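Working notes for the structure below.
In the numbering used here, the protein residues as written are 1 to 643.
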């Protein structure tokens with residue numbers, strides 16, 4: 001019989017050899033009774049971790065040392081966990097699909113001031129219906145420009161203005177008591193140049209210099225640099241920064257103070273596993289992987305979306321499955337649609353942003369045409385089992401036009417020209433636009449840019465208030481956009497402040513730490529959003545807030561919005577977007593008009609959509625006969641539940 005050299009066989013042998021070390025290490029631990037359960041978990045999931053690490057590091061002379069270290073870290077997390085720490089207990093992730101899961105995201109300091117005050121805001125979040133809260137990074141960062149918290153010095157220490165680690169754990173516990181899951185960022189492509197590892201590297205420690213990409217010979221850098229694109233072209237050219245202390249160029253994809261980690265060094269992977277566990281210990285239920293597309297470097301490539309970047313994420317997933325099986329990973333891959341989908345699986349990231357839907361909805365709002373929205377979502381809405389989209393309209397970042405060129409060409413649109421039009425439209429330069437956006441990272445060579453701005457300002461509320469004109473269409477646009485993400489399959493995500501019609505804040509231009517980053521135009525303090533006006537009848541804030549709360553309550557009242565399958569329906573009218581949701585024999589149709597013009601759908605058009613003879617519009621709470629024809633007012637949406 002031939003010797004079995006399969007990965008599963010080798011993993012079993014490796015585990016057999018490594019387990020005695022782990023068992024002996026924790027034989028006298030106060031929680032040693034957990035060892036048999038942990039061993040069962042290893043027997044189920046260790047092979048996946050082993051497979052990933054062999055692919056990435058199997059050729060390294062000290063591979064088995066790092067494999068053992070990884071296993072010990074997972075065991076340490078398991079053994080040290082408190083008895084009530086729920087993320088160490090595996091559970092089915094049904095909550096990801098549930099109609100009850102409404103997401104919100106924002107900065108602690110902008111929304112509440114600090115963690116102590118955030119805890120007092122939990123009733124506001126529960127009243128809004130939030131069950132998933134993503135807090136932007138609030139860990140220790142350098143003073144001044146720190147990329148909005150994404151240049152992290154230490155995951156074990158918080159920004160003192162935000163609070164303490166103990167306060168974070170208290171907030172996490174309070175959120176959990178109110179059935180709100182906590183999402184935290186894992187900035188794992190890079191560290192701050194003030195991180196302890198970087199400081200040691202600059203001090204001459206060769207071990208920590210190997211944690212980063214350093215080039216002293218231009219010839220060594222050339223196979224990489226010639227293929228890389230400029231991420232922030234209006235700030236600087238290239239992805240490398242000269243460091244006087246090291247007398248070397250450091251790989252800095254994003255900003256000169258963010259040093260890219262060298263994941264070809266297995267010690268970096270094991271060290272970052274420890275950093276990730278700090279988020280778990282703080283109370284994270286979901287860990288968002290920041291800038292994951294850039295993590296693996298390979299010569300003669302653009303170093304984006306490489307196969308080993310996926311393998312690396314799978315390795316983190318496999319480690320987390322052993323160390324904290326109740327935590328899931330979330331992808332932040334703001335890349336081309338065909339690349340986004342590659343990060344989404346139970347073995348990689350079960351949760352992912354949906355940049356395709358976001359970009360296409362803004363495109364449809366500008367053009368009043370839905371053909372690209374339909375084409376781009378019909379083939380790109382399905383996901384593997386046990387995974388879910390996070391559907392969003394705005395976040396802390398900019399809007400990029402991440403639709404597929406092939407989708408645009410398929411409906412007769414030149415994608416390059418169209419992106420130029422959208423940039424002109426949303427920065428207020430196109431005649432007749434309603435939008436008040438600000439360009440972000442405009443490329444002086446190509447004229448390309450991305451868009452900053454609050455949802456309300458991009459939907460026309462700012463312009464309407466400045467000119468004294470009617471706010472009716474702007475408010476309807478805001479509610480239409482929110483209505484689509486609330487009705488579509490996935491977790492809907494609200495950028496905190498958008499629920500009260502938050503407008504652009506241009507004061508960032510006078511702040512020396514923010515003036516060159518237009519994203520701060522929509523990073524507004526909640527106290528400055530006019531949220532206190534949400535209870536004033538007929539104020540714009542009141543109309544947006546009450547309209548959105550009504551949409552949320554309706555979604556949470558009907559399971560079809562959670563587990564129901566989604567089908568994007570064909571085009572029947574220029575401005576109409578329609579899709580269906582089906583669950584346990586119940587069917588819901590969403591029909592939306594992306595235009596300020598009245599849209600009359602004849603019975604033949606309604607039959608093409610497959611609309612039923614009898615339904616209740618949940619939004620108006622009235623019966624309709626959809627198959628006989630429908631009338632859609634400007635920016636109106638119908639949620640038609642079959643009866």
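All C-beta atoms, glycine included, are put in the ideal place defined by N, C-alpha and C. Please read all numbers here as calculations on a predicted model, not as lab measurements.
By the Cβ criterion, the segment 260-275 is not in contact with the segment 107-127, since fewer than three pairs of Cβ atoms, one from each stretch, lie closer than 8 Å. In this structure, residue 626 and residue 633 do not form a Cβ contact; the two beta carbons are roughly 15 Å apart against a cut-off of 8 Å.
Residue state for residue 147 is assigned as helix, using DSSP reduced to three classes.
Using a 10 angstroms sphere on the CB of residue 570, the tally of other CB atoms stays under 16, which defines it as exposed. With respect to residue 53, residue 63 sits close: the two C-beta atoms are nearer than 9 Å. Of the candidates 208, 285, 301, the residue whose Cα lies closest to the Cα of residue 267 is 208. Taken in chain order, the unbroken stretches of alpha helix (DSSP H) that lie wholly in the segment 503-571 and span 4 residues or more are 540-556, 560-563. Residue 48 and residue 19 do not touch by the CB rule: their CB atoms are close to 17 Å apart, not below 8 Å.
Fewer than three beta-carbon pairs drawn from the segment 408-426 and the segment 341-358 are found closer than 8 Å, and the two stretches are therefore not classed as touching. Remark: C-beta atoms of residue 543 and residue 484 do not approach each other more closely than 9 Å.
Each of 495, 494, 519, 500 was checked against the Cα of residue 506, and the nearest Cα belongs to 519. Annotated three-state conformation of residue 66 is helix, per DSSP. Boundaries of the alpha helix (DSSP H) harbouring residue 50: 35-57, taken from the DSSP string.
Contact check for residue 547 against residue 479 passes: the beta carbons are separated by less than 9 Å. For residue 462, the enclosing alpha helix (DSSP H) begins and ends at 461-467. Its Cα nearest to that of residue 280, the residue 182 stands out among 182, 136, 539. For residue 120, the enclosing alpha helix (DSSP H) begins and ends at 115-120. Excluding its 5 nearest sequence neighbours in each direction, residue 582 has C-beta neighbours in its own chain below 6 Å: 564, 565, listed in chain order. Scanning the segment 363-423 from its first residue to its last, the whole alpha helix (DSSP H) runs of 4-plus residues come out as 371-378, 405-410.
CA-CA distance, residue 337 to residue 401, rounds to 10 Å.
In the DSSP assignment, residue 167 falls within the unbroken alpha helix (DSSP H) covering 165-177. Residue environment: residue 103 is assigned as buried (16 or more neighbouring CB atoms within 10 Å of its CB, all protein chains considered). Ranked by Cα distance from residue 10, the options 43, 33, 24, 22 are led by 43. Contact between the segment 555-563 and the segment 136-149 is absent, with fewer than three C-beta pairs closer than 8 Å.
For residue 55, the CB contacts under 6 Å within the same chain, skipping 5 residues up- and downstream, are 311 in chain order. Excluding five sequence positions before and after residue 51, the CB atoms of its chain that fall closer than 6 Å to its own CB belong to 7, given in chain order. The shortest C-alpha to C-alpha distance from residue 226 to any of 218, 233, 329 is the one to 218.
Under the three-pair Cβ rule at 8 Å, the segment 324-336 counts as touching the segment 288-305.
Scanning the segment 288-371 from its first residue to its last, the whole alpha helix (DSSP H) runs of 4-plus residues come out as 307-323, 337-340, 355-367.
Residue pairing of residue 259 in beta bridges, as defined by DSSP: 191. In this structure residue 169 does not touch residue 58 by the C-beta definition: roughly 38 Å separates them, more than the 8 Å allowed.
Under the three-state reduction of DSSP output, residue 266 falls in the helix class.
Within the same chain, Cβ atoms closer than 8 Å to the Cβ of residue 508 are found at 514, 515, 517, 518, 520, 521, 523, the five residues on either side in sequence being excluded.
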